[in-house]
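Here is the structure we will look at, set down as structure tokens.
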Amino acid sequence: MRFFINRKFSYLIIIHFLALSSWGQDPSNMPQRQLQAELTKLLDSGNYADAMPFFDELKIRGQDDPDINYENIVIGSPMVFPSGYMQMYAKTMDSSYISKAAEFCGSFVAKYSGHADAIKLLQMQDTFLRMDQKWNEAVQVIEKLLDPTQAFREKIEEGKRSDMLNLYLGRAQCYHTLQNWVKGEVAFRELLTISDEARDEDKAAYAISCLTEMFVVTKRVDEVFPLLPRLSAETPARYDMRLNVNLMQGGDQLKEKGRFVEASLLYALTMTAEEVKNYYTDRIARISAEKSRLSSFLKNPNLPKRRLSILRDKDNALTMKLTTAKSHLAIAEKTASFTTNLRWSKASNFQDTKRFWESFWGFYWLYKEDPDNELAEDFIYAAFASANTVKFAEKSFELGEQYLANKNWLKYGSDVTNIMANAYRLEAEKQAAIAEGLQTALSTLDKEKAARAKQSSEEQYQRFFELCDRFLEKDPGNKYAVNFVNMMGSVYFKQRKFDQLLEKFAGYVAGVPDANKGYINNQSFAEGPAMPSALYLSGISLLSTGKFEEAKPLLAPIVGVYVEGLPLADGTLSNMSQYEEVVDE
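Residue 3 is where the sequence shown starts when you use the working numbering, and the numbers rise one by one after that.
In structure tokens:
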């Protein structure tokens with residue numbers, strides 16, 4: 003029985019304390035004296051967020067109790083209310099508290115414009131409106147504070163210089179976001195002037211960022227260049243998404259006008275969307291960590307009031323920075339990647355300025371790092387063409403073969419095949435010359451070198467003929483068909499392999515013509531542009547082997563026409579070396 007009574011008594015004690023605890027947490031259940039005592043305690047500790055329900059309860063009680071003058075309470079401590087809302091926002095990240103804070107500041111100053119805290123509340127209202135991205139409303143508040151005809155400005159100038167600087171920054175930010183360039187230009191220039199006077203590099207960088215974007219958008223890109231040296235600083239303004247998009251567009255504008263060197267400056271300064279994302283992701287992490295450390299300090303109940311006030315102001319400033327950084331990150335994440343366009347513009351601009359090696363590597367890595375891009379065919383062709391321009395044979399062969407291996411790429415197929423075939427021909431001739439030059443070599447090393455060169459030459463020639471035959475079989479009516487016929491003719495003539503030429507071109511097998519073989523007997527080929535060249539080369543080959551009568555029917559159709567600049571008045575050449583010179587050209 004004793005145990006039962008003790009246990010029952012214990013339960014009653016627990017219930018009693020729970021009731022007291024519950025009673026203490028709900029201001030509506032508190033007696034007036036306790037409510038005021040608890041509220042005072044919260045205000046003294048700087049815990050304005052938890053104090054807000056107590057003020058709400060006082061407002062309700064004041065409607066029925068004449069001894070409670072809620073209006074006087076508000077007038078006596080107006081700064082508590084926006085601070086409380088912002089503390090609640092910092093805890094919950096619920097943006098409705100920002101709106102409530104801004105609304106309170108505006109309504110209070112409208113009723114009590116002469117209050118000692120009116121200017122401070124208007125400054126806070128501006129900050130809250132910008133945090134809430136209500137730019138039109140925010141700039142109206144700022145213009146009121148900066149209006150020289152009103153008393154607000156004079157009082158602000160008497161205070162901290164940073165307050166005035168923050169107003170200029172806020173005004174520039176509003177007009178920049180609204181893209182109101184008419185009013186914005188004045189705001190940006192004034193911000194730059196006052197920032198330079200205060201030696202505030204971050205705010206000066208933002209002013210320059212705004213001016214740069216404005217000049218590009220309004221087609222005044224020449225006015226950007228004096229600002230460029232100051233855009234290289236590592237500041238948040240440098241990573242503004244719109245600034246970087248406009249830097250690229252400014253480069254495009256200059257490129258279209260043929261001002262390639264100036265365009266390269268803007269391209270070089272442009273940050274990609276990915277770089278902007280990385281910057282703000284890192285910035286958000288750093289600010290969040292700093293806020294977390296600051297929160298630990300704020301929990302200290304023994305902080306002096308002055309120190310507590312400073313730390314709370316810093317916490318509010320960090321909250322705004324965090325909100326701004328998240329806003330920038332959200333914009334960057336919504337922005338479609340323009341990295342590919344930027345890299346393409348840079349590479350093509352290098353080409354225009356005859357910086358061919360930089361152009362080649364730009365195109366090369368653009369393809370290599372994104373081979374599945376829908377524009378990959380354009381990338382690899384640009385890299386291939388650039389490799390040929392700088393005579394980078396290794397990369398030229400690598401890229402050309404990769405292009406030809408992709409059966410879905412057709413846009414530049416004719417160009418690539420033509421260039422590749424000629425490259426294999428020239429390389430084969432080069433290796434053949436090396437092998438021939440070492441024919442009389444005595445050393446083992448030179449003999450091995452000659453053997454390798456000969457084998458390489460044969461392999462290059464084999465690939466050359468494969469490309470030529472494949473192209474002529476697939477597209478004999480193409481304009482490049484003439485090139486392939488002439489290149490093959492050049493090789494056959496240099497090697498004095500007339501029988502192989504006649505077999506391929508005219509269908510001669512073992513000296514006997516076969517109407518079912520040879521290019522000239524192919525109807526599609528016969529209707530194409532390469533037919534005269536094939537007839538001419540076949541006729542000359544027959545003449546070279548002494549078959550004059552058989553050559554006549556081949557040469558007769560082309561008497562009087564030009565093949566590679568050579569007049570064929572009589573269908574003959576004065577000598578073989580003359581033909582070889584013409585074909586080489």
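Don't be surprised by glycine CBs; every beta carbon is placed ideally from N, CA and C. A quick note: this is a predicted structure, and the numbers were derived from the prediction, not measured.
### Task
Tell me whether Glu566 sits in a helix, a strand or coil according to DSSP, three-state version.
To locate residue 566, count along the sequence shown from 1; it is residue 564. Because Glu566 carries a pLDDT of 43, less than 50, the predicted location of this residue cannot be relied on, and the following value inherits that uncertainty. In the structure shown, Glu566 sits in coil (DSSP, three-state: anything other than H, G, I, E or B).
### Query
How far does the alpha helix (DSSP H) with Asn74 in it reach, from first residue to last?
Your numbering for residue 74 matches position 72 in the sequence shown. That run of the alpha helix (DSSP H) goes 72–78.
### Task
Could you tell me whether the segment 247–254 touches the segment 312–320, where touching means 3 or more Cβ pairs closer than 8 angstroms?
no
### Query
In its own chain, which residues sit with a C-beta less than 8 angstroms from the C-beta of Ser79, not counting the 5 before and 5 after it?
Mapped onto the sequence shown, residue 79 falls at position 77. Counting only Cβ-Cβ distances below 8 angstroms, and skipping sequence neighbours, we find Leu45.
### Task
Within 10 angstroms of the Cβ of Ser388, are there 16 or more other Cβ atoms? Answer buried if so, exposed if not.
For this step, residue 388 is matched to residue 386 along the sequence shown. Burial call: buried.
#### Entry: Completely contained alpha helix (DSSP H) runs for the segment 384–460, where each covers 4 or more residues
395–407, 415–439
### Spatial distance of Gln433 from Val493 (CA atoms)
Here residue 433 corresponds to residue number 431 of the sequence shown, with the count starting at 1. Here residue 493 corresponds to residue number 491 of the sequence shown, with the count starting at 1. Looking at the two C-alpha atoms, the distance is approximately 14 angstroms.
### Query
What span of residues does the alpha helix (DSSP H) with Leu300 cover, start to end?
As a position in the sequence shown, residue 300 is number 298, starting the count at 1. It spans 275–300 - the alpha helix (DSSP H) in which Leu300 sits, taken as one unbroken run.
### Query
Which value, in whole angstroms, describes the spacing of the CA atoms of Arg232 and Ile210?
Indexing the sequence shown from 1 puts residue 232 at position 230. Indexing the sequence shown from 1 puts residue 210 at position 208. Arg232 and Ile210 have their C-alpha atoms spaced approximately 7 angstroms apart.
### Query
What are the boundary residues of the alpha helix (DSSP H) that includes His117?
Locating residue 117 in the sequence shown gives position 115, where the first residue counts as 1. For His117, there is no enclosing alpha helix (DSSP H), as DSSP marks it with neither H nor E.
### Message
Measuring only the C-alpha atoms, how far is Trp25 from Gln36?
### Response
Mapped onto the sequence shown, residue 25 falls at position 23. Mapped onto the sequence shown, residue 36 falls at position 34. For Trp25, the predicted structure reports a pLDDT of 40, less than 50, and the residue's modelled location is therefore unreliable. A value from the coordinates is still provided. C-alpha separation (whole angstroms): 11 angstroms.
### Message
Quick check on Ala51: does DSSP put it in helix, strand or coil?
### Response
Position 49 of the sequence shown, counting from 1, holds the residue named residue 51. Assigned with DSSP and collapsed to three states, Ala51 falls in helix.
### Task
Work out the CA separation of Gln255 and Leu539 for me, nearest whole Å.
For the purposes of this step, residue 539 is taken as residue 537 along the sequence shown, with counting starting at 1. For the purposes of this step, residue 255 is taken as residue 253 along the sequence shown, with counting starting at 1. Leu539 and Gln255: Cα-Cα distance of roughly 51 angstroms.
### Contact between the segment 170–188 and the segment 216–227 (3+ Cβ pairs under 8 angstroms)
Look at the beta carbons and you see the segment 170–188 touching the segment 216–227: at least three pairs across the two are nearer than 8 angstroms.
### Query
Applying the criterion that 16 or more other CB atoms from any shown protein chain within 10 Å of the CB defines a buried residue, is Val141 buried or exposed?
On the sequence shown, residue 141 is found 139 positions in, with the first residue counted as 1. Residue burial is scored here from C-beta neighbours: Val141 has at least 16 other C-beta atoms within 10 angstroms and is therefore classed as buried.
### Query
Residues in its own chain within less than 6 angstroms of Glu371 by CB, not counting five upstream and five downstream?
Indexing the sequence shown from 1 puts residue 371 at position 369. Hits under 6 angstroms: none found.
### Task
Taking Gln125 and Leu147 to be in contact with their CB atoms under 8 angstroms, please state how far apart those CB atoms are, rounded to whole angstroms.
Within the sequence shown, the letter at position 123 stands for residue 125. Within the sequence shown, the letter at position 145 stands for residue 147. Their Cβ separation, rounded to whole angstroms, is 7 angstroms, which keeps Gln125 and Leu147 in contact under 8 angstroms.
### Query
Using the C-alpha atoms, what's the distance from Gly530 back to Glu475?
As a first step, residue 475 is located in the sequence shown; it is residue number 473 there, counting from the start. As a first step, residue 530 is located in the sequence shown; it is residue number 528 there, counting from the start. Rounded to whole angstroms, Glu475 to Gly530 spans 12 angstroms at the Cα level.
### Task
Answer with buried or exposed for Gly439, where buried requires no fewer than 16 other C-beta atoms within 10 angstroms of its C-beta.
Within the sequence shown, numbered from 1, the residue matching residue 439 stands at position 437. Classification for Gly439: exposed.
### Task
Could you round the C-beta distance between Glu192 and Tyr170 to whole angstroms and report it? I think they count as a contact, below 8 angstroms.
Against the sequence shown, residue 192 aligns to sequence position 190. Against the sequence shown, residue 170 aligns to sequence position 168. Sure, about 6 angstroms apart at Cβ, within 8 angstroms.
### Task
Could you tell me whether the segment 97–106 touches the segment 285–293, where touching means 3 or more Cβ pairs closer than 8 angstroms?
By the Cβ test, the segment 97–106 is not in contact with the segment 285–293, since fewer than three Cβ pairs between them sit closer than 8 angstroms.
#### Entry: C-beta contact flag for Ser361 and Gln353 at 8 angstroms
The residue you call residue 361 lines up with position 359 of the sequence shown. The residue you call residue 353 lines up with position 351 of the sequence shown. Closer than 8 angstroms, so yes.
### Query
So what's Tyr510 in DSSP terms, helix, strand or just coil?
Counting from 1 along the sequence shown, the entry for residue 510 is found at position 508. Three-state result, Tyr510: strand.
### Task
Sort Lys409, Phe262, Leu444, Gly402 by Cα distance to Asn424 and report the nearest one.
Numbered from its first residue, the sequence shown carries residue 424 at position 422. The shortest C-alpha separation from Asn424 is found at Gly402.
### Query
Which residue comes first and which comes last in the alpha helix (DSSP H) that contains Thr94?
On the sequence shown, residue 94 is found 92 positions in, with the first residue counted as 1. Following the DSSP letters along the chain, one finds Thr94 inside the alpha helix (DSSP H) bounded by residues 82–94.
### Where the alpha helix (DSSP H) containing Ser164 begins and where it ends
Along the sequence shown, read from residue 1 onward, the residue named residue 164 stands at position 162. Element bounds for Ser164: 163–180.
### Task
Return yes when the C-beta of Gly186 is under 7 angstroms from any heavy atom of the ligand GTP, and no when it is not.
Looking for the ligand GTP in the displayed structure turns up nothing, as the structure carries no ligands at all.
### Task
Return the first residue and the last residue of the alpha helix (DSSP H) that Lys496 is part of.
Along the sequence shown, read from residue 1 onward, the residue named residue 496 stands at position 494. Run containing Lys496: 483–496, per the alpha helix (DSSP H) assignment.
### Message
Can you look up Pro231 in the DSSP assignment and give me helix, strand or coil?
### Response
Residue numbering aside, residue 231 sits at position 229 when the sequence shown is read from its first letter. Reduced to three states, the DSSP call for Pro231 is helix.
### Query
How do the segment 333–351 and the segment 275–287 stand: do at least 3 beta-carbon pairs fall below 8 angstroms, yes or no?
yes
### Query
To the nearest angstrom, how far is it from the Cα of His330 to the Cα of Asn280?
Looking up residue 330 in the sequence shown gives position 328. Looking up residue 280 in the sequence shown gives position 278. Distance between the alpha carbons of His330 and Asn280 is about 11 angstroms.
### Message
Let me check one thing: in DSSP terms, what residues is Pro515 bridge-paired to?
### Response
What you label residue 515 is simply residue 513 of the sequence shown in a count that begins at 1. Beta-bridge pairing links Pro515 to Tyr510.
### Message
For Asn485, which residues in the same chain have their Cβ closer than 6 angstroms to its Cβ, ignoring the five residues on either side in sequence?
### Response
The count along the sequence shown starts at 1 and reaches residue 485 at position 483. Counting only Cβ-Cβ distances below 6 angstroms, and skipping sequence neighbours, we find Asn420.
### Task
For Leu229, collect the residues of the same chain with a Cβ closer than 7 angstroms to its Cβ; drop the 5 residues on either side in sequence, then sort them by chain order.
Position 227 of the sequence shown, counting from 1, holds the residue named residue 229. Excluding five sequence positions before and after Leu229, the CB atoms of its chain that fall closer than 7 angstroms to its own CB belong to Ile210, Leu213, Thr214, given in chain order.
### Task
Can you grab the Cα-Cα spacing for the pair Leu544 / Gly513, in whole Å?
Looking up residue 544 in the sequence shown gives position 542. Looking up residue 513 in the sequence shown gives position 511. If I take the Cα positions, the gap works out to 10 angstroms.
### Residue range of the unbroken alpha helix (DSSP H) whose run includes Thr42
Taking the first residue of the sequence shown as position 1, residue 42 is located at position 40. First-last of the alpha helix (DSSP H) with Thr42: 34–46.
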